[in-house]
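Everything below concerns the one structure shown next.
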């Protein structure tokens, strides 16, 4: 499946990133270069 957004080089703010879905989201953005 093709990604809708490319986060490389962008700043992403994830609220609630200390646990759960927020943490997983923040980690994934990091893996993708945000």
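In this note's numbering, the protein residues as written are -9 to 24. Even for Gly, the Cβ is constructed at its ideal location relative to N, Cα and C. It should be emphasised that the depicted structure is a prediction, and the values quoted were computed from it without experimental measurement.
Annotation for residue 16: the continuous alpha helix (DSSP H) segment containing it runs 10 to 21. Taking each of 13, -2, -4 in turn and checking the Cα distance to residue 4, the smallest one comes out for 13.
Cβ-Cβ distances below 8 Å link residue 0 to 24 in the same chain, with the five nearest sequence neighbours on each side left out; the list follows chain order.
Annotation for residue 6: 12 place their beta carbon closer than 6 Å to its own, counting only its chain and skipping 5 residues before and after.
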